[in-house]
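2 protein chains.
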Amino acid sequence: MARFSFQILAEEGRARTGRILTPHGSIETPAYIPVATRGAVKSLSPLDLAGLSIQALITNAYHLHLHPGIDLIHHMGGLHRFMGWEKPLLIDSGGFQVLSLGLAKEKGGGKVSALSSEKGERKRVYGAKPGKSLIRVSEDGVEFISYRDGSRHCFTPEQVVQSGQDLGADIIMVLDECTSPFHNFEETQAAMERTHRWAERSLAKFPNPSSQGQALFGIVQGGAFQELRETSARFLAKHPFNGFAIGGFLGSSKREMIQVLNWTIPHLPRAKPRHFLGIGMVEDIFEMVAQGIDFFDCVAPTRLAATGTFLVKNKPHFRLRILNEAFKNDPRPIAEDCPCPTCRGHSRAFLRHLFLTKEPLAVHLAAVHNLYFMESLMAEIRRTVAQGKFESFKNNWLAEEK
Amino acid sequence: MARFSFQILAEEGRARTGRILTPHGSIETPAYIPVATRGAVKSLSPLDLAGLSIQALITNAYHLHLHPGIDLIHHMGGLHRFMGWEKPLLIDSGGFQVLSLGLAKEKGGGKVSALSSEKGERKRVYGAKPGKSLIRVSEDGVEFISYRDGSRHCFTPEQVVQSGQDLGADIIMVLDECTSPFHNFEETQAAMERTHRWAERSLAKFPNPSSQGQALFGIVQGGAFQELRETSARFLAKHPFNGFAIGGFLGSSKREMIQVLNWTIPHLPRAKPRHFLGIGMVEDIFEMVAQGIDFFDCVAPTRLAATGTFLVKNKPHFRLRILNEAFKNDPRPIAEDCPCPTCRGHSRAFLRHLFLTKEPLAVHLAAVHNLYFMESLMAEIRRTVAQGKFESFKNNWLAEEK
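First to last, the protein sequences are chains F and C. Heads up, the first sequence is in the working numbering, so the first residue is 2 and it goes up one at a time. Heads up, the second sequence is in the working numbering, so the first residue is 2 and it goes up one at a time.
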C-alpha cells in the first residue's frame, strides 16, 4: 500500500502546486476538501461526488465518536468502506467542537454561534446554555457531555490518533486546544503550549502497529498573536509530522487572517503540505493559495447551497441568491458557461421555484453546482500556478467580483 | 410529432402488458409513475430518475398553478423544459386537492389527513381548520383560496384542459369532483354527474389549435357504490377520451378497492389505457394489474423513503424500517440481490446512521432504492404478463410477504 508523500510540482512566489499521495490515491494541490462531518456530504452521494471530480473528504472524529461510534465503524471495515468512499479521507479531531462546547459555558451559546459561523460550524452547540458546562479540559485530555444523550465522553491525544488509525483515515489531525477572541495572550499561550504537549504525545503513539501508511498532521495554534504563531510553527516544524494544519482564531478580518498565515507559513518546512482548517470562502482562497496553503476544508459551499446561494464569478462575494425576485422568470442557467449538471439541466426560474416550494431537490442541485464551482476553480488555480500565471489569475478574479 | 396511442402486446386474464406512445416517448405498461407534484420528485434529480429507468412522471396542475404559475412555465418553454425532463409527463387536475380543501371545511383537518393519507396526500391541507372554508364548488368550476398567500383562484374544466395544453403535458387529466367516505349515495351521485358534465366540457375544448398530440383522460367517479361506478364507467366509455383514470373514494379496505376496480374496468373499452390515481402500495400493485390497470401513480415510495422505510421483498408489507436497532451494525445492503446504487454502495448500518443523524443524504439514498425497487418490480410484472406467468408471479410475491 502506498505510503503518504508530498511532491511540489511548481511554485510561483509562495504559492505552489503539487501532489499528495495517500494509501487511497492522490490529491492534486491546491485542493478544496468538502466536509463530510458525520460521513456524508450534505445532500450529495459518493457517486455524485465522484461525478464532480472531488478528490478527498474530511470527517470529524468528535461527531463520529458520538454517532455511530468509532468501534462500530472499525468493525464495519473502516471509514472508507462505511461511507462508500474510496478516495482519500482526512479526519479532524474535534478540537474546534471542543472550543465551541467550552465557550458555551463561558460566554453563552449566542456568541459562540456568531464566532463559530466563521469556521462554518454554526449550530454545533446543541442545547448549550450560558453557565452550563458541557466540557472540561485537563492536561490529560478533554471530557465532554454528549449533546445527543447527555452521556459522558473523554478524548485524549492518544485516543484521537488511535481512532484515526482504527478508522483508516489517510490524514489524521492531532487533538488541539482551540482558542477564541475571548482568550487573552496568556490564555492563548497556555492553550498553545498544551497543544504542543498533546502534539508530542500524539507522535509518540504514531505510527502504531496497525498503521497503513497514514499521515499525522500537527496543528499550529497561537490565535491572532504574531509571537505565538511563530513559536507554534517553529515548535511543530521540528517534529516529524507528515504535514501541518493551521487552526484556531485567525483574527477578525480577512486582512488579519492573511497576516496570521504570513507569520506562520515561513516557519513551516517547505517540503511538507499545509492544510487550512475550516476556511474557504471564495474571496479567501486566492490569498490562502498565495500564502502557500496546499489544501483546505470548508462547509460554506454546501451550507450556502442549503440557503439558495450559488457560487458564481461576477457577483459580489461570488454569490447569487436565487430567492431574488429578479430570477422569477429568468430562463438562463446559474452561470452561462458552467457545464455542471445543474446548469446544463435547469434555469434560474426553476431553481428559484424549487427553493420557494422547499423541494428537497433544490438543495441537492445547488450543492452540485457549488462543489463543481469549487473543484473547477481549484483546477484552474493549479493550472495557473504551474504556468506561473497565478498572480494575474488572482487579480483578475478579485477585480471581477462586482 | 408522434401522437398519443396505446398498443396491447399481451394479455393474461384481465392483466395486460402494452405500450403507450406519447409525443415525448413511450411508456411500457403496466407502469409505476413517480409523483413530481411541483415539478420535482422528492430528493431525486432528472438525472437520478433517468439512471433508475423511470419512464414518466406525473405533476399536479393545482400545485403548479399556485406556484410558480401556469403562465410562467408556459413562457419558459413548457413543463418538460422547465423541469429538465424529456420523457412523458402526466398532469393531474387537482380534483383530489379540491376534495381535501372541501373536507377541511366540513370535517376538520384531522379527518382529512387520515383519509387523504390513503392517496398519499397527507399534509396537503395546509392551515385548514374545521369550519373555515377554503373552497366553493359550483357548476362552473372550483373557487379556492391559496394555502400559500390567501389569494383567490378559480379552476374550470376548460381552464384545466387549457393549462395542460399550455404546459405541454402528454397526458392531461380532466377536472373532477372527488368524494369521500363522508359523502352518502346522493351526494356521491351528484358529484359524479357534475364530473360527467365537466368531462364533456373538457372534451369540447380538446384538442385545441395548440395541441401537440397530447391525450385527454376522463376520470371515473362514483365512490364505493357499484351502481355509480358502473354508470360512470359506461358514461365515460361512450366519449372519445384517449384513456381513463379511476379516482375518488375506493372503499375502506383492499378488498373494497379491488371490488371498485372489478365493477369499473369491464365497462371501459379494452383498447384504451387505464390509470389508477394515487394508489400503489406494493401489496396493491398485483391486484390492480390483475384487474387490468395499465399505469398508476403514488407518492408512497418517496414518502416512505423520507421516514427511513425501504421497500423489500420478504418483509411484512414489503417494508424494512432502517431505524430498527437490529440494523445498528448490520454490514449487509438493504437487499442482498439489489443492484441499485444504494445497495451496491452502502450497508444498513451506514443508512441507519444517516437517518439517525438526520443527514439529507439519507432520504436521497432511500428514494433511489425505493424507485429502483418499483421500476424493477414493474419490469418483472411486464415480463411475466407477456409470458402468461403473471398469476403465479403474483401468488409467489404475496405468499413471500412474511
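Quick reminder that beta carbons are idealized off the backbone N, C-alpha and C, glycines included.
Taking the Cβ atoms as the reference, Ile323(C) lies roughly 11 Å from Leu305(C), outside the contact range of under 8 Å. Not one beta carbon of chain C lies nearer than 8 Å to the beta carbon of Gly249(F). Note that the C-beta distance between Gln292(F) and Arg15(F) is below 8 Å. Using a C-beta cut-off of 8 Å, the region 47-60 of chain F makes no contact with the region 138-150 of chain F, since fewer than three inter-stretch Cβ pairs fall below that distance. Close partners of Val364(F) in chain C (Cβ separation under 8 Å): Pro361. For Leu91(C), the uninterrupted beta strand (DSSP E) segment begins and ends at Leu90 to Asp93. Considering only beta carbons, the part of the region 331-358 of chain C lying closer than 7 Å to chain F consists of Pro332, Pro342, Gly346, His347, Ser348, Ala350, Phe351, His354, Leu355, Leu357 and Thr358, in chain order.
When Cβ-Cβ separations below 8 Å define contact, Ser46(C) makes contact with chain F. Met174(C) has Phe218(C) as its beta-bridge partners, per DSSP. For Glu12(F), the closest of Pro31(F), Arg4(F) and Pro24(F) by C-alpha to C-alpha distance is Pro31(F). In the DSSP assignment, the residues bridged to Asn61(F) are Asp93(F). DSSP places Gly85(F) in no beta strand (DSSP E); its state is neither H nor E.
Contact annotation for Met77(C) against chain F: Asn330, Pro332, Ser348 and Ala350 [CB-CB distance below 7 Å, chain order]. Arg39, Gly40, Ala41, Val42, Lys43, Ser44, Leu45, Ser46, Pro47 and Leu48: these are the residues of the region 36-63 of chain C whose beta carbon lies less than 8 Å from some beta carbon of chain F, given in chain order.
Contact between the region 41-53 of chain F and the region 68-83 of chain F is absent, with fewer than three C-beta pairs closer than 8 Å. A check of alpha carbon separations from Val36(F) across Asn396(F), Glu401(F) and Leu372(F) identifies Leu372(F) as the nearest. One Cα belongs to Phe297(C), the other to Ser377(C), and the distance between them is close to 15 Å. The beta carbon of Gly252(F) sits closer than 8 Å to the beta carbons of Ala225, Met258, Gln260 and Val261 from its chain, once the five residues preceding and following it are set aside; these are given in chain order. For the 8 Å CB-CB criterion, Leu168(F) and Ile247(F) do not form a contact. Runs of the alpha helix (DSSP H) lying entirely within the region 243-284 of chain F, each at least 4 residues long, are 255-265 in chain order.
Minimum Cα-Cα distance from Gln160(F) among the listed residues Tyr148(F), Glu194(F) and Ala62(F) corresponds to Ala62(F). Against His68(F), the close residues of chain C are His354, Leu357 and Thr358, in the order they occur along the chain (beta-carbon pairs closer than 9 Å).
Pro274(F) has its alpha-carbon roughly 25 Å from the corresponding atom of Gly79(F). A residue is called buried once 16 or more other Cβ atoms fall within 10 Å of its Cβ, and Thr385(F) is buried on that count.
Residue state for Ala32(F) is assigned as strand, using DSSP reduced to three classes. Taking 8 Å as the threshold, the shortest C-beta distance from Phe83(F) to chain C falls below it. Within chain C, the residues placing a beta-carbon under 9 Å from that of Leu73(F) are Lys329, Asn330, Ala350 and His354, ordered along the chain. A straight line joining the alpha-carbon of Pro24(F) with that of Thr310(F) spans about 35 Å. Around Ala400(C), the same chain offers no residue with a beta carbon nearer than 8 Å, after the five sequence neighbours per side are excluded.
Membership of His154(C) in the beta strand (DSSP E) is indicated by the continuous run Arg153 to Phe156. With contacts defined by Cβ atoms closer than 8 Å, Lys206(C) and Val143(C) do not form a contacting pair. Going by DSSP, Ala191(F) is part of the alpha helix (DSSP H) stretching over Phe186 to Ala205.
Per the coordinates, the alpha-carbon of His240(C) lies some 44 Å from the alpha-carbon of Lys316(C). In the DSSP assignment, Arg349(C) falls within the alpha helix (DSSP H) that extends over Arg349 to Leu357.
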